[in-house]
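Take a look at the structure below.
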Amino acid sequence: MNYQVNQKGYYGEFGGAYIPEMMVPNIEELRLNYLEIINSYDFRQEFIGLLKNYVGRPSPLYYAKRLSEKYQTNIYLKREDLNHTGSHKINNTIGQILVAKKLGKHRIIAETGAGQHGLATATVCALMGLKCIVYMGAVDVERQAPNVKKMKMLGAEVIPALSGNQTLKDATNEAMRDWINNPVDTHYIIGSVVGPHPYPDMVARFQSVISEEIRWQLEEQTGKENPDRVIACVGGGSNAAGAFYHFLDQENVKLIGVEAAGLGVDTPETAATLTLGSPGVLHSSRSILMQTDDGQITEPYSISAGLDYPGIGPMHANLFKTKRAEYLWATDAEVLDAALELTQLEGIIPALESAHALAALKKIQMKPEEATVVNISGRGDKDMETYLKHFGY
Numbered sequence: 001m002n003y004q005v006n007q008k009g010y011y012g013e014f015g016g017a018y019i020p021e022m023m024v025p026n027i028e029e030l031r032l033n034y035l036e037i038i039n040s041y042d043f044r045q046e047f048i049g050l051l052k053n054y055v056g057r058p059s060p061l062y063y064a065k066r067l068s069e070k071y072q073t074n075i076y077l078k079r080e081d082l083n084h085t086g087s088h089k090i091n092n093t094i095g096q097i098l099v100a101k102k103l104g105k106h107r108i109i110a111e112t113g114a115g116q117h118g119l120a121t122a123t124v125c126a127l128m129g130l131k132c133i134v135y136m137g138a139v140d141v142e143r144q145a146p147n148v149k150k151m152k153m154l155g156a157e158v159i160p161a162l163s164g165n166q167t168l169k170d171a172t173n174e175a176m177r178d179w180i181n182n183p184v185d186t187h188y189i190i191g192s193v194v195g196p197h198p199y200p201d202m203v204a205r206f207q208s209v210i211s212e213e214i215r216w217q218l219e220e221q222t223g224k225e226n227p228d229r230v231i232a233c234v235g236g237g238s239n240a241a242g243a244f245y246h247f248l249d250q251e252n253v254k255l256i257g258v259e260a261a262g263l264g265v266d267t268p269e270t271a272a273t274l275t276l277g278s279p280g281v282l283h284s285s286r287s288i289l290m291q292t293d294d295g296q297i298t299e300p301y302s303i304s305a306g307l308d309y310p311g312i313g314p315m316h317a318n319l320f321k322t323k324r325a326e327y328l329w330a331t332d333a334e335v336l337d338a339a340l341e342l343t344q345l346e347g348i349i350p351a352l353e354s355a356h357a358l359a360a361l362k363k364i365q366m367k368p369e370e371a372t373v374v375n376i377s378g379r380g381d382k383d384m385e386t387y388l389k390h391f392g393y
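Numbering-wise (full-length UniProt numbering), the sequence shown opens with residue 1 and increments by one.
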């Protein structure tokens with residue numbers, strides 16, 4: 001079975017470009033040019049060079065000895081938290097800013113939840129000398145204040161989204177409105193594998209550097225290039241798409257995504273899309289989303305701003321539907337416990353998003369001889385206020 005996007009922009013029954021007429025020129029310009037641009041020699045040279053010398057890649061694949069001993073297996077951590085700006089998001093923004101320059105754009109817009117994508121976008125705009133506007137839910141502006149201050153210092157304008165529940169979904173709505181009104185000079189750097197085709201495919205390709213590195217790093221350390229399983233958190237799903245990408249056709253590698261259950265999947269305070277959702281269209285692509293019986297989007301909730309989203313990328317909807325990947329969920333309480341466990345066993349404070357992936361370790365069976373890779377998508381600096389409030393230090 002083919003798990004990649006087809007020529008019409010679909011992963012199975014999911015994907016496509018359900019866009020208003022006014023957005024057609026923007027999407028068509030990108031769709032017709034992105035593959036030629038990102039496969040060109042000049043682009044690859046500049047992209048790979050910046051990943052190595054600016055981002056600091058390859059990120060380490062670290063054997064977590066004490067964590068492995070606790071779970072009586074072999075656990076490796078892919079350290080995307082050690083990238084410049086503190087998360088995997090920079091991989092995609094480096095790629096998209098180079099695409100934008102090739103297309104002649106000089107104004108960049110973005111949406112952000114936890115602030116990590118906004119920070120990565122503001123960073124590459126400063127690097128390239130381009131104007132940057134970041135839309136962010138007003139609630140997220142308050143709970144991710146350190147990242148907001150960094151974005152402003154980098155020269156970005158941060159515009160709070162005041163509609164809805166003032167989180168990631170609403171920031172995405174505002175960014176799309178901006179792009180429709182500024183079709184000529186503006187490129188929209190979407191931060192996840194969501195949105196109309198070709199965004200899910202383009203973002204997944206930029207993030208696939210994660211699984212590409214896992215393969216040769218694991219072979220270097222263990223003699224085999226395929227782990228037994230890969231675990232990653234999923235909101236929109238960009239870090240999971242990157243961690244899964246080179247293993248999609250390796251059926252012996254188990255792929256596990258972990259959703260944010262918030263206060264529980266039996267409560268309204270949750271963001272567990274695949275667990276509770278149904279097919280529909282959100283932000284211009286067909287996927288699985290949380291909605292009422294009459295199609296109104298349900299407001300999501302998670303302690304993690306980066307996973308506080310009522311939909312999921314169409315790649316993941318297809319992997320879920322075909323059962324190629326398994327999707328679990330973790331509550332806020334389970335996530336906080338997992339974050340503290342990693343901190344005190346390995347000396348690594350993860351982002352709340354990444355702690356969802358770690359929480360899955362308690363929910364699965366692992367054998368002593370197996371190798372499990374957990375993608376640590378970001379570092380916990382931005383979440384310190386939440387951690388300190390919960391743990392009381």
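Every residue gets a Cβ at the ideal spot worked out from N, C-alpha and C, and that includes glycine.
Note that the structure is a prediction, hence the values are computed from the model and not measured.
Residues that DSSP places opposite Asn39 in a beta bridge:
Reading the sequence shown from its first residue, position 39 is the one you call residue 39. Answer by DSSP bridge pairing: none, since Asn39 is not bridged.
N- and C-terminal bounds of the beta strand (DSSP E) containing His187
For this step, residue 187 is matched to residue 187 along the sequence shown. Per DSSP, His187 belongs to the beta strand (DSSP E) from 186-189.
Would you kindly work out how many angstroms separate the C-alpha atoms of Met176 and Glu69, rounded to a whole number?
Locating residue 176 in the sequence shown gives position 176, counting from the first residue. Locating residue 69 in the sequence shown gives position 69, counting from the first residue. Rounded to whole angstroms, Met176 and Glu69 show a C-alpha spacing of 47 Å.
Is the beta carbon of Ala156 sitting closer than 7 Å to the one on Ala122?
In the sequence shown, the residue the question calls residue 156 occupies position 156. In the sequence shown, the residue the question calls residue 122 occupies position 122. The Cβ-Cβ distance between Ala156 and Ala122 falls below 7 Å.
Would you mind working out which of Pro314, Leu127, Gly277, His283 sits nearest Thr298, comparing C-alpha positions?
On the sequence shown, residue 298 is found 298 positions in, with the first residue counted as 1. The residue from Pro314, Leu127, Gly277, His283 with its alpha-carbon nearest to that of Thr298 is Gly277.
Check whether the Cβ atoms of Ala64 and Leu82 lie closer than 7 Å to each other.
For the purposes of this step, residue 64 is taken as the residue at position 64 of the sequence shown. For the purposes of this step, residue 82 is taken as the residue at position 82 of the sequence shown. Cβ atoms of Ala64 and Leu82: not closer than 7 Å.
Quick check on the DSSP output: the beta strand (DSSP E) that includes Tyr63 runs from which residue to which?
Against the sequence shown, residue 63 aligns to sequence position 63. Note, Tyr63: beta strand (DSSP E), 61-63.
Taking the alpha helix (DSSP H) that Met202 belongs to, which residues open and close that run?
As a first step, residue 202 must be located in the sequence shown, where it is residue number 202. It spans 199-207 - the alpha helix (DSSP H) in which Met202 sits, taken as one unbroken run.
Presumed contact (8 Å Cβ cut-off) between Glu370 and Thr73, rounded CB distance:
Residue numbering aside, residue 370 sits at position 370 when the sequence shown is read from its first letter. Residue numbering aside, residue 73 sits at position 73 when the sequence shown is read from its first letter. Indeed they touch by this definition, with Cβ atoms about 5 Å apart.
Excluding the 5 residues preceding and the 5 following Glu225 in the sequence, name in chain order all residues of the same chain whose CB lies nearer than 8 Å to its CB.
Locating residue 225 in the sequence shown gives position 225, where the first residue counts as 1. Excluding sequence neighbours, Glu225 sits near Arg215, Trp216, Leu218, Glu219.
Work out the CA separation of Asn375 and Asp381 for me, nearest whole Å.
The count along the sequence shown starts at 1 and reaches residue 381 at position 381. The count along the sequence shown starts at 1 and reaches residue 375 at position 375. In a straight line, the C-alpha of Asp381 is about 17 Å away from that of Asn375.
When we look at the beta-carbon of Thr331 and count the other beta-carbons within 10 Å, is it buried (16 or more) or exposed?
The residue labelled residue 331 in the question sits at position 331 within the sequence shown. Flag for Thr331 reads buried.
Tell me where the beta strand (DSSP E) around Tyr387 begins and ends.
Taking the first residue of the sequence shown as position 1, residue 387 is located at position 387. Where Tyr387 is concerned, there is no enclosing beta strand (DSSP E), although the alpha helix (DSSP H) it sits in stretches over 384-391.
Would you identify the three-state DSSP class for Val193, choosing helix, strand or coil?
Here residue 193 refers to the residue found at position 193 when the sequence shown is read from its first residue. Val193 falls in the coil class under three-state DSSP.
C-alpha distance - Asp170 paired with Val99, whole-angstrom precision
In the sequence shown, counting from the first residue as 1, residue 170 sits at position 170. In the sequence shown, counting from the first residue as 1, residue 99 sits at position 99. In a straight line, the C-alpha of Asp170 is about 26 Å away from that of Val99.
Cys132 and Ile159 closer than 7 Å at C-beta
In the sequence shown, counting from the first residue as 1, residue 132 sits at position 132. In the sequence shown, counting from the first residue as 1, residue 159 sits at position 159. Result no, Cβ atoms of Cys132 and Ile159 do not sit closer than 7 Å.
With distances taken Cα to Cα, identify the nearest neighbour of Gln207 among Asn6, His390, Ile38, Tyr393.
Residue mapping note: residue 207 aligns to position 207 of the sequence shown, counting from 1. The residue among Asn6, His390, Ile38, Tyr393 with its C-alpha nearest the C-alpha of Gln207 is Ile38.
Contact check, Val234 vs Ala240, beta carbons under 7 Å
As a working note, residue 234 is residue 234 in the sequence shown. As a working note, residue 240 is residue 240 in the sequence shown. Yes, the pair counts as a contact, with Cβ atoms nearer than the cut-off.
Excluding sequence positions up to five away, which residues of its chain have a Cβ less than 6 Å from the Cβ of Ile75?
For this step, residue 75 is matched to residue 75 along the sequence shown. So the qualifying residues of the chain are Ala64, Leu67, Ser68, Thr372.
Can you tell me which of the three DSSP states Asn83 falls into?
Taking the first residue of the sequence shown as 1, we reach residue 83 at position 83. In this structure, Asn83 counts as coil in the three-state DSSP scheme.
Hey, out of Leu154, Phe247, Trp329, whose CA is closest to Asp266's CA?
Here residue 266 is taken as the residue at index 266 of the sequence shown, counted from 1. Answer by Cα proximity: Trp329.
Name the one or two DSSP bridge partners that Cys125 has.
On the sequence shown, residue 125 is found 125 positions in, with the first residue counted as 1. None, per the DSSP bridge assignment.
Whose CA, out of Gly95, Leu61, Gln96, lies closest to the CA of Glu80?
What you label residue 80 is simply residue 80 of the sequence shown in a count that begins at 1. Comparing Cα-Cα distances from Glu80 to each of Gly95, Leu61, Gln96, the minimum goes to Leu61.
As a quick exercise: from Pro58, Tyr54, Leu282, pick the residue whose alpha carbon is nearest that of Met128.
In the sequence shown, residue 128 corresponds to position 128, counting from 1. Distances from the alpha-carbon of Met128 to those of Pro58, Tyr54, Leu282 put Tyr54 closest.
7 Å Cβ cutoff met for Gly137 and Thr167:
Translated into the one-based positions of the sequence shown, residue 137 becomes position 137. Translated into the one-based positions of the sequence shown, residue 167 becomes position 167. Less than 7 Å divides the Cβ of Gly137 from the Cβ of Thr167.
7 Å Cβ cutoff met for Ser192 and Gly15
Taking the first residue of the sequence shown as 1, we reach residue 192 at position 192. Taking the first residue of the sequence shown as 1, we reach residue 15 at position 15. No. Outside cutoff.
Could you tell me the distance, in whole angstroms, from the CA atom of Ala333 to the CA atom of Pro146?
In the sequence shown, residue 333 corresponds to position 333, counting from 1. In the sequence shown, residue 146 corresponds to position 146, counting from 1. Looking at the two C-alpha atoms, the distance is approximately 23 Å.
Can you tell me whether DSSP reads Cys18 as helix, strand or coil?
Counting from one through the sequence shown, the residue named residue 18 turns up at place 18. The amino acid at residue 18 is misidentified as Cys; the sequence shows Tyr. Three-state DSSP puts Tyr18 in coil, outside helix and strand.
Take the Cβ of Pro1 as the centre, count every other Cβ of all protein chains shown within 10 Å, and call the residue buried at 16 or more, exposed below.
By 1-based counting over the sequence shown, the position of residue 1 is 1. Before going further, note that residue 1 is Met rather than Pro in the sequence given. Flag for Met1 reads exposed.
Buried or exposed for Glu353, going by 16 or more other Cβ atoms inside 10 Å?
In the sequence shown, residue 353 corresponds to position 353, counting from 1. Glu353 is buried by the Cβ-count criterion.
Is it buried or exposed, Lys89, if we count other Cβ atoms within 10 angstroms and call 16 or more buried?
Counting from one through the sequence shown, the residue named residue 89 turns up at place 89. Here Lys89 is buried, its C-beta having at least 16 other C-beta atoms within 10 Å.
CB contact check: Glu36 to chain C, cutoff 7 Å
This model lacks chain C altogether; it includes just one protein chain.
Which value, in whole angstroms, describes the spacing of the CA atoms of residue 398 and Leu255?
Shown here, the chain extends from 1 to 393; a query on residue 398 therefore has no answer.
Confirm, please, whether the CB-CB distance from Ile190 to Met22 is below 7 Å.
Translated into positions along the sequence shown, residue 22 becomes position 22. Translated into positions along the sequence shown, residue 190 becomes position 190. Ile190 is positioned such that its CB atom lies no closer than 7 Å to that of Met22.
Going by C-alpha to C-alpha distance, which of Glu269, Pro310, Thr112 sits closest to Leu289?
As a working note, residue 289 is residue 289 in the sequence shown. Answer by Cα proximity: Pro310.
With DSSP collapsed to three states, give me the class of Tyr10.
For the purposes of this step, residue 10 is identified with residue 10 of the sequence shown, where counting begins at 1. In the three-state reduction of the DSSP assignment, Tyr10 falls in the strand class, which pools E and B.
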